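Novice:
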Amino acid sequence: MSNPIRILIAKPGLDGHDRGAKVIAQAFRNAGMEVIYTGLRQTPEQIVQAAIQEDVDIIALSCLSGAHNYLFPRVMELLRAEGIDDITVLGGGVIPEDDIPFLKESGIAEIFTPGTPIKTMLEFIEKNVRR
Amino acid sequence: MERNNKDLASTMEQWEQKIQQKVLPRLPERKQEFLTHSGIPVQRVYTPLDTADLNYLEDLGLPGEYPYTRAVQPTMYRGRLWTMRQYAGFGTAEETNRRFKYLLEQGQTGLSVAFDLPTQIGYDSDHSLSYGEVGKVGVAIDSLQDMETLFSGIPLDKVSTSMTINSPAAILLAMYIAVAEKQGVAPEKLSGTIQNDILKEYIARGTYIFPPEPSMRLVTDIFGYCSRNLPNWNSISISGYHIREAGSTAVQEIAFTIANGIAYVEAAIKAGLSVDDFAPRLSFFFNAHLNFFEEIAKFRAARRIWARIMKERFAARDPKSQMLRFHTQTAGCTLTAQQPDTNIMRVAFQALSAVLGGTQSLHTNSRDEALALPSEDSVLIALRTQQVIAYETGVTDTVDPLGGSYFVESLTNQMEKAAMEYINKIEAMGGAVRAIEEGFQQMEIQDSAYHYQMEIESGDRVVIGVNKFQTEEKTPLNLLKVDPVVEENQRIKLEALKRQRNQAEVDRALARLKEAAGGTDNLMPPILEAVKAYATLGEICDVLREVFGEYQQRAIF
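Residue numbers (the working numbering), protein chains in the order written: chain E, 7 to 137; chain X, 6 to 562.
#1: Using a 10 Å radius around the Cβ and a threshold of 16 neighbouring Cβ atoms, would you call X/Gly602 buried or exposed?
#2: So, X/Leu533 versus X/Ala179, is the Cβ gap smaller than 8 Å?
#3: How far does the beta strand (DSSP E) with X/Ile45 in it reach, from first residue to last?
#4: For X/Ile182, which residues from the same chain have a beta carbon less than 6 Å from its beta carbon, with the 5 sequence-adjacent residues on both sides left out?
#5: Please list, in chain order, all residues of the same chain as X/Asp565 whose beta carbon is under 7 Å from its beta carbon, the five residues on each side excluded.
#6: Of all Cβ atoms in chain X, is any one closer than 8 Å to the Cβ of E/Ser71?
#7: Check the Cβ of E/Gln32 against every Cβ in chain X and list those closer than 8 Å, keeping chain order.
#8: Between the segment 128-153 of chain X and chain E, which residues of the former have CB atoms less than 7 Å from a CB of the latter, in chain order?
#9: What does a CB cutoff of less than 8 Å around X/Arg8 pick up in its chain, not counting 5 residues either side in sequence?
#10: Under the assumption that E/Leu67 contacts E/Pro18 (Cβ atoms under 8 Å), give the Cβ distance between them as a whole number of angstroms.
#11: Whether or not the segment 269-278 of chain X and the segment 212-219 of chain X are in contact is what I'm after, with contact meaning three or more pairs of Cβ atoms, one per stretch, closer than 8 Å; do they touch?
#12: Rounded to the nearest angstrom, what separates X/Leu278 and E/Gly97 at their Cα positions?
#13: State the Cα-Cα distance for the pair E/Gln55 and X/Gln91, rounded to the nearest angstrom.
#14: To the nearest angstrom, how far is it from the Cα of X/Thr225 to the Cα of X/Asp526?
#15: Between which residues of its own chain and X/Gly94 is the CB-CB distance below 7 Å, once the five residues before and five after are set aside?
#16: In its own chain, which residues sit with a C-beta less than 6 Å from the C-beta of X/Leu518, not counting the 5 before and 5 after it?
#17: Can you check the segment 342-405 of chain X for any alpha helix (DSSP H) of at least 4 residues that lies completely inside it and give the ranges in chain order?
#18: Taking X/Ile176 as the reference, give the member of X/Val552, X/Gly543, X/Gly409 and X/Asp58 with the closest Cα.
#19: Nearest chain X C-beta to E/Ile65 closer than 8 Å, yes or no?
#20: If you scan the segment 278-318 of chain X from start to end, which runs of the beta strand (DSSP E) of 3 or more residues do you find wholly inside it?
#21: Looking at chain X, which residues of the segment 117-128 of chain E have a Cβ within less than 8 Å of any of its Cβ atoms?
#22: Can you give, in chain order, each stretch of the beta strand (DSSP E) that sits fully within the segment 26-109 of chain E and has at least 3 residues?
#23: Examine chain E for any beta-carbon lying closer than 8 Å to the beta-carbon of X/Gly245, and answer yes or no.
#24: Check this for me: beta carbons of X/Gln365 and X/Phe331, under 8 Å apart or not?
#25: With 8 Å set as the bound, which would you pick, yes or no: does the beta-carbon of E/Asp21 sit closer than that to a beta-carbon of chain X?
#26: Let me check understanding here. Comparing Cα to Cα, which of X/Phe228, X/Ile349, X/Thr166 and X/Met221 lies closest to X/Leu385?
#27: What whole-angstrom Cβ distance do X/Ser172 and X/Asn239 have, given they're in contact under 8 Å?
#28: For X/Ala14 and X/Thr52, I'd like the C-alpha separation in whole angstroms.
#29: Do we get a CB-CB distance below 8 Å when we pair E/Asp24 with the residues of chain X?
#30: Name, going along the chain, the residues of the segment 189-210 of chain X whose beta-carbon falls closer than 7 Å to a beta-carbon of chain E.
#31: Does the beta carbon of X/Glu381 come closer than 8 Å to any beta carbon on chain E?
#32: Measuring CB to CB, does X/Tyr246 end up less than 8 Å from E/Val29?
#33: Mind listing the chain E neighbours of X/Gly252? Cutoff is C-beta to C-beta under 9 Å, in chain order.
#34: What three-state label does DSSP hand X/Asn483 in the structure shown?
#35: Measure the beta-carbon distance from X/Thr97 to X/Gly158 and round it to whole angstroms, keeping in mind my assumption that it falls under 8 Å.
Rendered as structure tokens:
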């Protein structure tokens, strides 16, 4: 059996909406992944450092405050500065469709908006992420 | 009566038998078990047998009379409709001021200010943690100057204003008082509400700054100050709304909220206030979710529980101290990004449950809020929804129209019982603050949230457009966007303010505040002084951070 996938679930910025992040954390753990949850109010710098320390395969960013266009690309920028290209970064939250192409261009692998079934996310991870 | 119930009981028995033997084999029910959101089983039918224990005068009373189960006012909406109060705020103070004026022109009857996250967490717009967040979920307020712009041309003696602000509540309240003073309006003329509910921030909402102890002091300082200076101001809005949004059940929503309410009353009494001086100005804030009758029963049960606690436990004598008055907002978390127009219907039913539950004010969500902040068109539909309920449906013509419904009364009793079990459990743990520190409420909510989501995933819980009746669709809505230039402009304005103001006066005011924070004096007067000197929100909070320290959340899931 292969090693379980390690995932960092992170709340960048000042947003306090953590229901989605915590539900997903629990669901991913139940699906056999090793889940680390950062808690609220993490800077992009803190998130990237935690990802490196925890040696994760995936960073899942959750933001419902509308600050995603700044925070998500900033995480990508810092990862690149660290020379990291083997961490898949996912995004979720209240994210207007119009913003998605820009976020993907910045390097976010996929954006999951409200109402996305957990199954869809798990399928995406299974297809795209290898430990 | 007893005779009647005996007859009814035997008739019921026969009826049940007939259903089991003849009806169900032919026409099975849609589910094995029907449950409310809180997991309370819903019977096939309710009869007088289900409310046989009810003592009308003791348990229900007349409208405006103890225990206020039916209503806090004797004539309710026959006299005055609820306050239609749409939560609004985005971008700069200028833009939000325009939205406020638009809403007032459309017949809205009160204002409700949404602040951006930096403001709610006590950072100025130029702080590094504010990047990307300025003006996003609400209006950016850095100083009294922004507040003057926000209420420009709005007479504060004519409108009531609710402000969703918690950790820095004292600062925003001080700014409001200062703006009123400039308009020539005395504090005693001001009416409105400050959320000021820090405990639910630790539990569910996340905009805490300081640890619980100094935070509770700020809360009770506001109680004390308001009871002396702002007789028409609600000094707190004890909020279940966000607890529910975080995923709690209806029972948990009222239980955790009332447990928090108890903690505030105890803290205020401990700080030397007498219960009937501050309790009449305590107000509440609940969620109106999807399970229609359970929501109505929830509001009624909450009124009865609070009245009994205030009278029996805290010996409150003033009837106003016993009355649970509340604002309601429809459940944001039930809105879907898919087929957003369907949200209009969800909101309408939720709003109707709030009205049938006897709310004092109401915010109806807009159809596009799972996608962005609401556009002007969407806000108008939301407001019109309230107006249709108020002026066209006739549900406003009698008080508590569902009172006496076997189902609703039975559900009200069950919710009261289940909520009291939680409240007693929290008391046994040492009260709400202790329970929060142990993560009790957070874990209970997390369990409910996960359970709810799993029901949606499995299809047991139907969400139209998400797991049933899906369509291929585009997003046709014209969404509101906050221009990133807002952040830059806000920083430029802040820089200019710092050049123009009298720095010596600011320094003196902040030094006095620091001294007061280290002692036991009421903090409202020195905060008011600092605000008037145009000290910024971030500067004032920094002084308090230095004295009080900062709260660190335990990340549990």
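All C-beta atoms in this analysis are idealised placements derived from N, C-alpha and C, irrespective of residue type, glycine included. Computed from a predicted model, the values in this text were never measured in an experiment.
Specialist: The structure says:
#1: Given that chain X is displayed from residue 6 to residue 562, the structure contains no residue 602 of chain X and the question cannot be resolved.
#2: With respect to the 8 Å criterion, X/Leu533 and X/Ala179 are classified as neighbours on the basis of their beta carbons.
#3: DSSP places X/Ile45 outside any beta strand (DSSP E), giving it a letter other than H or E.
#4: Spatial neighbours of X/Ile182 in its own chain (CB-CB distance under 6 Å, excluding positions within 5 residues in sequence) are listed in chain order as Pro192.
#5: Lying outside 6 to 562, the shown extent of chain X, residue 565 of chain X is not represented and no answer is given.
#6: E/Ser71 has a beta carbon lying within less than 8 Å of a beta carbon in chain X.
#7: Ordered by position in chain X, the residues that pass the 8 Å Cβ test against E/Gln32 are Gln451, Tyr455 and Phe562.
#8: Residues Leu134, Tyr136, Gly137, Glu138, Lys141 and Val142.
#9: Correct list: empty, nothing qualifies.
#10: Correct: roughly 6 Å between the Cβ atoms.
#11: Short answer: they don't touch.
#12: Between X/Leu278 and E/Gly97, the C-alpha separation is close to 48 Å.
#13: Linking E/Gln55 to X/Gln91 through their CA atoms gives a straight-line distance of about 41 Å.
#14: When only Cα atoms are considered, X/Thr225 and X/Asp526 end up about 11 Å apart.
#15: Same-chain partners within the cutoff: Thr101, Val118, Ala119, Phe120, Gly143 and Val144.
#16: Hits under 6 Å: Pro531, Ala535 and Val548.
#17: Counting whole runs of 4 or more residues, the segment 342-405 of chain X contains the alpha helix (DSSP H) stretches 347-361 and 381-396.
#18: Across the set X/Val552, X/Gly543, X/Gly409 and X/Asp58, the C-alpha of X/Gly543 shows the shortest separation from the C-alpha of X/Ile176.
#19: Judged by the 8 Å Cβ criterion, E/Ile65 is not in contact with chain X.
#20: 287-293, all fully within the segment 278-318 of chain X.
#21: Per Cβ criterion, the list reads Thr119, Pro120, Gly121, Pro123, Ile124 and Lys125.
#22: Runs found: 40-43, 64-69 and 94-99.
#23: Output row for X/Gly245: interface = no.
#24: Cβ distance < 8 Å, so X/Gln365 and X/Phe331 count as in contact.
#25: Cβ-Cβ to chain X under 8 Å: yes for E/Asp21.
#26: Nearest option by C-alpha distance: X/Ile349.
#27: Not confirmed; about 18 Å, so no contact.
#28: Using only the alpha carbons, I get a separation of about 9 Å.
#29: Yes, contact with chain X.
#30: So the close ones are Arg210.
#31: The C-beta of X/Glu381 comes no closer than 8 Å to any C-beta of chain E.
#32: With respect to E/Val29, X/Tyr246 sits apart: the two C-beta atoms are not nearer than 8 Å.
#33: Listed along the chain, the chain E residues whose CB falls inside 9 Å of the CB of X/Gly252 are Arg25, Lys28 and Val29.
#34: Correct three-state label for X/Asn483: coil.
#35: With 8 Å as the limit, X/Thr97 and X/Gly158 do not qualify as a contact, their Cβ atoms being about 15 Å apart.
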